[in-house]
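In this note's numbering, the protein residues as written are 52 to 316.
So, in structure tokens, the structure goes:
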């Protein structure tokens with residue numbers, strides 16, 4: 052929350068300008084006016100130069116952060132963010148909470164460094180402006196990536212659209228279309244929806260099962276999730292994605308152990 056500021060710095064500035072003009076400031080202004088006009092091009096060049104240098108610095112740091120990464124990893128992150136941009140705009144409003152959810156995923160879950168996060172931030176803004184055709188994004192993902200990589204995308208997609216705690220009709224239609232076009236397993240997709248499209252997340256939600264599920268269904272859901280989130284499947288995308296998968300496996304194991312303890316009690 053941004054609170055109202057009562058700092059008088061701006062008021063003192065305006066008071067100084069008023070006193071300046073009251074005591075002959077106009078004469079001084081006219082004397083220095085030619086000088087101001089002669090210096091204007093210098094100030095303009097300085098302003099433009101600082102902007103260019105800032106852009107050069109930003110691009111250099113981004114280039115450095117992705118230079119040693121595999122092309123597959125770079126493409127994966129770019130396509131993922133282009134897809135998320137469609138989700139963010141699906142309800143007709145660019146909600147900062149949805150953008151923050153996407154940014155936090157790379158910051159907290161994947162633990163990207165500052166240069167990598169600068170790259171992510173630039174990609175988010177670029178994707179929101181560019182608006183690449185969704186069909187092209189999905190077609191490219193199907194051509195370049197495997198099921199477990201696409202499953203990670205659909206999970207993040209659901210998390211982003213639910214950041215405002217509302218699922219609009221356009222967002223639901225987008226999710227269903229993306230899941231269909233990416234050939235996401237229906238059971239897995241339903242598990243994700245039951246996990247995110249609820250106000251509270253229990254151990255059952257994490258496994259995507261109901262509270263009265265049989266032991267057979269519990270074990271089946273657990274095994275499927277362990278296969279889908281196995282760290283070896285995303286190791287080629289870099290340590291950040293592998294660490295994310297490790298955390299998911301821990302979460303799944305914790306949920307499974309919690310449920311099995313209840314069934315034994």
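Heads up, the beta-carbon is just placed ideally off N, CA and C, and yes, glycines get one too.
Keep in mind the model is a prediction, meaning the values are calculated, not measured.
If you check the CB distance, residue 142 and residue 222 come in under 8 Å. For residue 281, the secondary structure class from DSSP, reduced to helix, strand or coil, is coil. The segment 125-139 makes contact with the segment 190-206: 3 or more CB pairs, one atom from each, lie closer than 8 Å. Counting the other CB atoms within 10 Å of its CB gives residue 152 a total of 16 or more, which places it among the buried residues.
Taking a C-beta distance under 8 Å as the contact criterion, residue 209 and residue 175 do not qualify as a contact pair. When the beta-carbon positions are compared, residue 225 and residue 138 come within less than 8 Å of each other. The C-alpha of residue 134 is placed about 8 Å away from the C-alpha of residue 204. Where residue 227 is concerned, the enclosing alpha helix (DSSP H) starts and stops at 220-232. Listed in chain order, the non-local C-beta contacts of residue 293 below 7 Å within the same chain comprise 282, 285, 286, local neighbours out to five positions each way being set aside.
Residue 202 sits close to residue 235, with the two beta carbons spaced by under 8 Å.
DSSP places residue 121 outside both helix and strand once states are collapsed to three, so it counts as coil. Per DSSP, the continuous alpha helix (DSSP H) segment holding residue 195 begins and ends at 185-195. Between residue 257 and residue 269, the C-beta spacing is not below 8 Å. DSSP, read as helix, strand or coil, puts residue 201 in helix.
For residue 246, the uninterrupted alpha helix (DSSP H) run begins and ends at 237-247, by DSSP. Of the candidates 233, 289, 277, 277 places its Cα closest to the Cα of residue 300. Looking at the backbone, the Cα of residue 171 and that of residue 180 are separated by about 14 Å.
Pairing residue 122 with residue 291 gives a Cβ-Cβ distance that is not under 8 Å. C-alpha of residue 219 to C-alpha of residue 145: approximately 13 Å in a straight line. Between residue 247 and residue 213 the beta-carbon gap is near 5 Å, inside 8 Å, which marks them as a contact.
A direct Cα-to-Cα measurement between residue 312 and residue 182 gives close to 48 Å.
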